[in-house]
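Per the numbering used here, residue 70 is the first one in the sequence shown, and the count goes up by one each step.
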Amino acid sequence: MKLLVLKETAASENRVALTPDLFAKYQKLGVEIFVESQAGEKSKISNAAYENLGAKIISDINQILPEIDIIISVQRTEIDLTKIKPNLVFIALLNPTFQKEKVSALVQAKISAFALELTPRITRAQSMDVLSSQSNLSGYVAVLEAVYNLPKVVPMMMTAAGTISAAKFMILGAGVAGLQAIATAKRLGAIVCAFDVRAAAKEQVQSLGAKFIEVKSDEKVDGVYAKEMSEDYKKRQEQLLKDTIQNQDVVITTALIPAKTAPILVSEEMVKLMKTGSIIVDIAAVNGGNCALTKVGQIVEVNGVKIIGYENFPSHVAADASKLFAKNIFNFFELLVNKENNSIAINHEDEIIKATLMV
Numbered sequence: 070m071k072l073l074v075l076k077e078t079a080a081s082e083n084r085v086a087l088t089p090d091l092f093a094k095y096q097k098l099g100v101e102i103f104v105e106s107q108a109g110e111k112s113k114i115s116n117a118a119y120e121n122l123g124a125k126i127i128s129d130i131n132q133i134l135p136e137i138d139i140i141i142s143v144q145r146t147e148i149d150l151t152k153i154k155p156n157l158v159f160i161a162l163l164n165p166t167f168q169k170e171k172v173s174a175l176v177q178a179k180i181s182a183f184a185l186e187l188t189p190r191i192t193r194a195q196s197m198d199v200l201s202s203q204s205n206l207s208g209y210v211a212v213l214e215a216v217y218n219l220p221k222v223v224p225m226m227m228t229a230a231g232t233i234s235a236a237k238f239m240i241l242g243a244g245v246a247g248l249q250a251i252a253t254a255k256r257l258g259a260i261v262c263a264f265d266v267r268a269a270a271k272e273q274v275q276s277l278g279a280k281f282i283e284v285k286s287d288e289k290v291d292g293v294y295a296k297e298m299s300e301d302y303k304k305r306q307e308q309l310l311k312d313t314i315q316n317q318d319v320v321i322t323t324a325l326i327p328a329k330t331a332p333i334l335v336s337e338e339m340v341k342l343m344k345t346g347s348i349i350v351d352i353a354a355v356n357g358g359n360c361a362l363t364k365v366g367q368i369v370e371v372n373g374v375k376i377i378g379y380e381n382f383p384s385h386v387a388a389d390a391s392k393l394f395a396k397n398i399f400n401f402f403e404l405l406v407n408k409e410n411n412s413i414a415i416n417h418e419d420e421i422i423k424a425t426l427m428v
């Protein structure tokens, strides 16, 4: 089996789909590895580091495409589809909700394309759950970006010159990213509160030492993901956030709904209520954003409030993000391999395959 690692082309993408620590595991499965030149450069992995482990560095991938059985990437899907081998396997973040045309082109080319972000939240798939591994890093990065841009210190400080009060952080959405944001902010000494529509989130938030703020309503959400709420709930939620946001120094928004545009949680009116010098970090920016004033890929300032809308938070810690991402891909790849003869054998009845294979 011949595997090609693509170099990412998106300006905001610094990750790579294969890190050196996984070479031996791929090779044990009979995989011959080809790496597009400088694929790991932004993750601080040189061509030489790959070559020393037995990879072949490719400057022009079109020359090798007809021989390739498997392609892995982080987000890149652009390849010459006229040169590929029949039944090519392609594993990446395909973003099928917002990139329907690109995904459709892969499917029409008879490629077995797997969208890693659709990996189901089941126990057996935890080691392949790329959303969790990368969201965890997003939460961490979001807090550090907020602290860097905040014009005050985070922890309470008692000095001879006086006392500085601790910064107040509000985290909207207590999933993987939100919980890491809470934990990181708490470690820095912030006073943290958090909001989530899911009933299960309250205990998780409180276990990290943060205050859970909740809407007084009989409407509850069970499970891992958030969902669209009723109009009555949204009105109550809006009032709760208006009352709370005025006193916050930092607001970090992390709320995503699968296969939908991110819900607006912070309105323009709420931004105007915030203190001058406060910060909003919108982790959901790439899917439309949770703040009405977020500009994707930019930092904007409105009424003295900075709104940070980076489209790729994990890329800010690309070395570790790549390690985790690459491990997720390898664990998924193992599902596709018949280990008796080291060949691709896709089990279309497998729950994980069904969820991720584009058809």
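For each residue, glycine too, the CB sits at the ideal point set by N, CA and C.
Here the structure is a predicted model, which is why all the values come from computation and not from measurement.
Does the separation of the CB atoms of residue 239 and residue 320 fall below 8 Å? Contact: yes.
Distance check for residue 216 and residue 222, CA to CA, integer angstroms please. 8 Å
Identity of the residue in 420, 219, 427 nearest residue 191 by Cα: 420
Which listed residue (146, 212, 193, 166) has its alpha carbon closest to that of residue 181: For residue 181, the closest C-alpha among the options 146, 212, 193, 166 is that of 146.
Determine the direct distance from the alpha carbon of residue 103 to that of residue 159, and round the result to whole angstroms. Approximately 14 Å between the Cα atoms of the pair.
So does the stretch 113–128 actually touch the stretch 357–374, counting three or more Cβ pairs closer than 8 Å? no
Identify, in the order they occur along the chain, each residue of the same chain with its Cβ nearer than 7 Å to the Cβ of residue 353, setting aside the five sequence neighbours on each side. 322, 323, 324, 325, 331, 359
Look at residue 397 and residue 70 and say whether their C-beta atoms are less than 8 Å apart. no
Alpha-carbon spacing of residue 284 relative to residue 234, whole angstroms: 28 Å
Unbroken alpha helix (DSSP H) run spanning residue 126, endpoints: Element bounds for residue 126: not the alpha helix (DSSP H) but the beta strand (DSSP E), 125–127.
For residue 278, which residues from the same chain have a beta carbon less than 6 Å from its beta carbon, with the 5 sequence-adjacent residues on both sides left out? 255
The beta strand (DSSP E) spanning residue 187 covers which residue range? Premise fails: residue 187 is in no beta strand (DSSP E) and is neither H nor E.
Would you check if the stretch 385–395 and the stretch 80–87 touch, i.e. whether three or more CB-CB distances between them fall below 8 Å? Look at the beta carbons and you see the stretch 80–87 touching the stretch 385–395: at least three pairs across the two are nearer than 8 Å.
Rounded Cβ spacing between residue 185 and residue 219 (contact assumed at less than 8 Å): Here residue 185 is actually not in contact with residue 219; their C-beta atoms are around 34 Å apart, not less than 8 Å.
Alpha carbon to alpha carbon, what distance is there between residue 400 and residue 414? 15 Å
If distances are taken between C-alpha atoms only, which option among 106, 328, 270, 155 comes closest to residue 167? 328
For residue 342, three-class secondary structure by DSSP: Helix.
Residue closest to residue 120, alpha-carbon to alpha-carbon, out of 138, 131, 87, 142: When only C-alpha atoms are compared, the closest one is 87.
In terms of alpha-carbon separation, which member of 426, 409, 249 lies closest to residue 417? 426
Extent of the continuous alpha helix (DSSP H) to which residue 312 belongs: 300–314
Going by CA-CA distance only, name the one from 408, 428, 403 that's closest to residue 193. Comparing C-alpha distances from residue 193 to each of 408, 428, 403 shows the shortest one belongs to 403.
Status (buried if at least 16 other CB within 10 Å, exposed otherwise) for residue 229: exposed
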